[in-house]
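Participant: Shown below is the structure under consideration.
Below is the structure:
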């Protein structure tokens, strides 16, 4: 269940939406490249419906939000959409957007409140009792939330939910650890077989908050690559994107998340790979929903929201 802070944070000001559209249009014009255009197919999952109350919706009691008769119906529908698409330039995929479990920064945020956290505590690395920066780790509750998601996946797979074909994850430890404990505590998958990919662009909103500064590439490599996790090409050693004195806007983050989806649709998956898992953060999911044209929807720590997405490849003829 999302907290009051989660509900507040899930909403995007109209000015940020307008700014995102302006930045996207400018980037398309300046790059003069073809691109994927994304939209949400509504009705398949309850979270896409306007009547679903995000503040009280519990995905764990709603089969992730399934709104059709069965998972077979969902994936038969996705297969039909792909088979009958107007061209090969259209691809439909189900994205399971997972938020990491509770981190120590979430714990501090809830203890100190929104204003005190954003204006003071988030700029520090801890309070003398707990440490949340850089790169906040999961609390015991966060680990438990990941394990419970694994149990939910296990239950739904037994009822026809397909195991994802590709996994993508933020480089921040709390997201990687959530993915690991969700999928391997119950032996749902072998990470060395599925090879989840760490992508820089799906990380949390960057800057000012020390919890959102990532570890060096070499440390991520040492901790996680022996487990089967891979790091995308071009991922640099130091976190050159985090700034102590500037916090990325929602519109800027959405542009970054759009780039990650461009890579997922055009570089990292095939048309046949239609069931994708992305483990990231509340801000990342908020921006992804903006990019996908999905309604805002609050996700609690450890929460999951599935979205059926249409990607259409637009040829830039300029």
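Numbering (the working numbering), first residue to last: 261 to 578. We put the beta carbon where it would ideally sit given N, CA and C, even for glycine.
1. By how many angstroms is the C-alpha of residue 567 removed from the C-alpha of residue 357?
2. Tell me whether residue 534 is buried or exposed, calling it buried when 16 or more other Cβ atoms sit within 10 Å of its Cβ.
3. Helix, strand or coil for residue 463? Go by DSSP, reduced to three states.
4. How many angstroms separate the CA atom of residue 313 from the CA atom of residue 405?
5. Between the C-alpha atoms of residue 353 and residue 387, what's the straight-line distance to the nearest angstrom?
6. Please list, in chain order, all residues of the same chain as residue 546 whose beta carbon is under 6 angstroms from its beta carbon, the five residues on each side excluded.
7. State the DSSP-derived secondary structure class of residue 373, mapped to helix, strand or coil.
8. Hey, residue 436 and residue 484: beta-carbon distance below 8 angstroms or not?
9. Would residue 442 be called buried (16 or more neighbouring beta carbons within 10 Å of its own) or exposed?
10. What does the alpha-carbon distance come out to for the pair residue 494 and residue 329?
11. Going by beta-carbon coordinates alone, are residue 297 and residue 574 separated by less than 8 angstroms?
12. Could you check whether the stretch 328–343 touches the stretch 504–517, counting it as contact only if at least three pairs of C-beta atoms, one from each stretch, sit closer than 8 angstroms?
13. What does DSSP give as the partner residue(s) for residue 565 in the beta ladder?
14. Report the CB separation of residue 393 from residue 399 in whole angstroms; it is logged as a contact under 8 angstroms.
15. I'd like to check one pair, residue 360 with residue 438: are the Cβ atoms closer than 8 angstroms?
16. For residue 339, count neighbouring C-beta atoms within 10 Å of its own C-beta (all shown protein chains included) and say buried if the count is 16 or more, exposed if not.
17. Report yes if the CB atom of residue 542 is closer than 8 angstroms to the CB atom of residue 318, and no otherwise.
18. Since residue 428 is in the beta strand (DSSP E), which residue starts that stretch and which ends it?
19. Reducing DSSP to helix, strand and coil, say where residue 298 ends up.
20. Contact between the stretch 553–571 and the stretch 401–419: three or more CB pairs below 8 angstroms?
21. Can you name, in chain order, every residue of its own chain whose Cβ lies under 7 angstroms from the Cβ of residue 390, other than the five neighbours on each side?
Facilitator: The structure says:
1. Mapped onto the chain shown, residue 357 falls at position 97. Mapped onto the chain shown, residue 567 falls at position 307. Going by the C-alpha atoms only, they are around 8 angstroms apart.
2. The residue labelled residue 534 in the question sits at position 274 within the chain shown. Per the 10 Å Cβ criterion, buried.
3. For this step, residue 463 is matched to residue 203 along the chain shown. Residue state, collapsed to three classes: coil.
4. Indexing the chain shown from 1 puts residue 313 at position 53. Indexing the chain shown from 1 puts residue 405 at position 145. Residue 313 and residue 405: Cα-Cα distance of roughly 22 angstroms.
5. Walking along the chain shown from the start, residue 353 turns up at place 93. Walking along the chain shown from the start, residue 387 turns up at place 127. If you take the alpha carbons of residue 353 and residue 387, they lie about 43 angstroms apart.
6. On the chain shown, residue 546 is found 286 positions in, with the first residue counted as 1. Closer than 6 angstroms at the Cβ level, and outside the excluded window around residue 546, lie 270.
7. Working through the chain shown from its first residue, we reach residue 373 at position 113. Three-state DSSP puts residue 373 in coil, outside helix and strand.
8. As a working note, residue 436 is residue 176 in the chain shown. As a working note, residue 484 is residue 224 in the chain shown. Yes, these two residues count as a Cβ contact at 8 angstroms.
9. For the purposes of this step, residue 442 is identified with residue 182 of the chain shown, where counting begins at 1. Burial call: buried.
10. By 1-based counting over the chain shown, the position of residue 494 is 234. By 1-based counting over the chain shown, the position of residue 329 is 69. Rounded to whole angstroms, residue 494 to residue 329 spans 43 angstroms at the Cα level.
11. Within the chain shown, the letter at position 37 stands for residue 297. Within the chain shown, the letter at position 314 stands for residue 574. Closer than 8 angstroms, so yes.
12. no
13. Position 305 of the chain shown, counting from 1, holds the residue named residue 565. Answer is 357, bridged to residue 565.
14. On the chain shown, position 133 is the one that residue 393 refers to. On the chain shown, position 139 is the one that residue 399 refers to. About 15 angstroms; that fails the 8 angstroms criterion.
15. In the chain shown, the residue the question calls residue 438 occupies position 178. In the chain shown, the residue the question calls residue 360 occupies position 100. Taking the C-beta atoms as reference points, residue 360 is found nearer than 8 angstroms to residue 438.
16. One-based indexing of the chain shown puts residue 339 at position 79. Looking at its Cβ environment, which holds fewer than 16 other Cβ atoms inside 10 Å, residue 339 is exposed.
17. By one-based count along the chain shown, residue 542 stands at place 282. By one-based count along the chain shown, residue 318 stands at place 58. Going by C-beta atoms, residue 542 is not nearer than 8 angstroms to residue 318.
18. As a first step, residue 428 is located in the chain shown; it is residue number 168 there, counting from the start. It spans 426–429 - the beta strand (DSSP E) in which residue 428 sits, taken as one unbroken run.
19. By one-based count along the chain shown, residue 298 stands at place 38. In the structure shown, residue 298 sits in a strand (DSSP, three-state: E or B).
20. Taking one beta carbon from each stretch, the stretch 553–571 and the stretch 401–419 have 3 or more pairs nearer than 8 angstroms; the two touch.
21. In the chain shown, the residue the question calls residue 390 occupies position 130. Hits under 7 angstroms: 364, 367, 368.
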